[in-house]
Amino acid sequence: MRILVVGGGGREHALCRALAAAPTCSALFCAPGNAGIAQVATCLPVGAEDIEALVACARAEAIDLVVVGPEAPLVKGLVDRLEAAGIRAFGPRAQAAELEGSKGYMKDLLARHDIPTAAYGRFTDPEAAKAFVHQQGAPIVVKADGLAAGKGVVICHSTAEAEATIDAMMTENAFGGAGAEVVVEEFLEGQEASFFALIDGEDVLPLGAAQDHKAVGAGDTGPNTGGMGAYAPTPAVDAATEAWIVEHVMRPTARAMVAEGRPFRGVLFAGLMITDSGIKVLEFNVRFGDPECQVLLARLNSDLAQVLDAACTGRLGEITLAWSPESAICVVMAANGYPGAVEKGSVIAGLADAEAVDGVAVLHAGTRLDEAGNVTAAGGRVLGITATGATLAEAHQRAYTAIDKLDWPGGFCRRDIGWRALM
């Protein structure tokens, strides 16, 4: 197959590395890609949200399968347009992508189909949202309804903080149109886990769980980010817990989407909270997580191209996945200032030395080459140092050994990725 990956982050670098190694992949392209992806795929200068140009590229390159990485083009209907042009695409159509595109729609679907989630209200009027906050009390969670690059969720520890967050989202447009509506949700305590499954309608093929680290600072302190690191497998989700998630969350959601005339095809990513009173769904995403994708694919031994193609063509029932017994960890290197304003253009040295560490892959998330051929920072999250090992402790040691070989004063990382499992 000739394959086009859409996107240019760490998730897409992980996808491209796995697809480049797949026996059924004969040619690999990525739009727009980044400096690391260019080492394994032909990068095309087309933005991930330029729907018509992506369709034209797929036609021009005689692409057999398009793999859509980020959520925004899915919500905008890229898969619908590709399918209308007769091109297979991995990812949900726009109506099904609303599971991520609207947190309000997602919460209402869960409520309609008795899938466990936190109590909530959804609001288009800020004063009504504030009244709900006072009725419920704090701590409480305020979420922008639309896409906000993983940053539209704020845990508020007081009613005053919740009111300020509602104002920031709804009247000050902190997240643009994504905050025109908000979901105000019960605060849940427990361990978070990310669970992934491939779905081709009603058939569900579990990919397993990983644990992400959303907060920017060590010990899960500071504001939320798109993710500062992840590891898999996680002791928070054992075999029995995985079976429960599949039967009580993933399969019912797949059936619910079919029942509502929005059949889901692609990868469904459930953000879960494991509480003392059971497991509840925090959110759904309609694509691979970033950085969870990096650790999932580091452990997958199957032909990824064949697996994703089966999800597009209703053949998941024919697939048996092969997994490495090793653990994997991904530590995100971010530009100083992230998740706020960051300075771009700083040179990153020592990449070859880092990747020479046994079991390590340096995945690029936000990089580009300057005129002199140096790899430079071009975003907030810039690198994902991904390592495997016989144990999580070994993978952890390898990842941080590689990080210490980098020469990049303009970046930082959390030093405690995997801490819950390593304590």
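Counting the sequence shown from 1 gives a position; our numbering is that position plus 117. Here a beta-carbon is modelled for each residue, glycine too, at the ideal position from N, C-alpha and C. The structure displayed is predicted, hence computed values, not measured ones.
| Item | Value |
| --- | --- |
| Exposure label - Asp320; buried when at least 16 CB within 10 Å | buried |
| Alpha-carbon to alpha-carbon, Ser463 and Ala373 | 47 Å |
| Three-way DSSP call (helix, strand, coil) for Arg198 in this model | helix |
| Gly127 - DSSP class collapsed to helix/strand/coil | helix |
| Secondary structure of Lys224, DSSP reduced to three states | helix |
| C-alpha gap between Val474 and Glu359, whole angstroms | 33 Å |
| Sequence-distant residues of the same chain with beta carbon closer than 6 Å to Leu121, five excluded per side | Phe146, Ala175, Ile180 and Val183 |
| Cβ of Ala327 within 8 Å of any chain C Cβ | Note that chain C does not occur in the displayed structure, where there is just one protein chain. |
| Environment of Glu400 [buried if 16+ CB atoms lie within 10 Å] | buried |
| Gln411 burial status per 10 Å Cβ neighbour count (16 or more: buried) | buried |
| Neighbourhood of Lys461 by C-beta, 8 Å cutoff - its chain only, sequence neighbours within 5 removed | Ala452, Thr493, Ala494, Ala495 and Gly496 |
| Candidates Met540, Ala265 and Ala177: closest to Pro456 by CA position | Ala265 |
| Beta-carbon separation (whole angstroms), Glu409 vs Ser311, contact threshold 8 Å | 5 Å |
| Beta-carbon proximity of Leu132 to Gly186, cut-off 8 Å | yes |
| Buried versus exposed call for Glu435 [16 or more other C-beta atoms within 10 Å across all chains shown] | exposed |
| Closest by C-alpha distance to Gly293, when choosing among Gln328, Lys268 and Leu417 | Lys268 |
| As assigned by DSSP and simplified to three states, the class of Ala314 | strand |
| Touch test, the region 135-142 against the region 422-436, Cβ-Cβ under 8 Å, three pairs minimum | yes |
| Ile502 versus Glu244 - alpha carbon distance | 44 Å |
| 6 Å Cβ shell around Ala177 - same chain, five flanking residues per side excluded | none |
| Whole-angstrom distance between Trp440 and Pro149, CA atom to CA atom | 30 Å |
| Outcome for Leu486 when other beta-carbon atoms lying within 10 angstroms are tallied against a minimum of 16 | exposed |
| Span of the alpha helix (DSSP H), counted from its first residue to its last, around Leu421 | Leu421 to Cys429 |
| Contact belief for Gly325 with Ala349 at Cβ below 8 Å, rounded distance in angstroms | 7 Å |
| Sequence-distant residues of the same chain with beta carbon closer than 7 Å to Ala255, five excluded per side | Cys273, His274, Ser275, Thr276 and Ala279 |
| Simplified DSSP state of Pro243, which is helix, strand or coil | helix |
| Reduced DSSP secondary structure (H/G/I, E/B, other) of Cys530 | coil |
| Endpoints, alpha helix (DSSP H) assigned at Gln328 | Element bounds for Gln328: not the alpha helix (DSSP H) but the beta strand (DSSP E), Val321 to Asp329. |
| For Ile502, the first and last residue of its enclosing beta strand (DSSP E) | Arg498 to Gly506 |
| Cβ neighbours of Val363 in the same chain (closer than 6 Å, five flanking residues each side left out) | Pro323 |
| Length at least 4, wholly inside the region 281-307: the alpha helix (DSSP H) runs in chain order | none |
| Whole-number beta carbon distance between Ala478 and Arg134, since they are thought to touch under 8 Å | 7 Å |
| Neighbourhood of Ala116 by C-beta distance below 7 Å, restricted to the same chain and skipping five residues each side | Coverage of the chain is limited to positions 118 through 540, which leaves residue 116 absent and any answer about it impossible. |
| Whether Ile391 touches Gln308 by CB criterion (8 Å) | yes |
| Closest residue to Ala466 among Leu509, Pro526, Glu511 and Ser419 (Cα-Cα distance) | Pro526 |
| Cα-Cα separation, Val366 to Ala507 | 31 Å |
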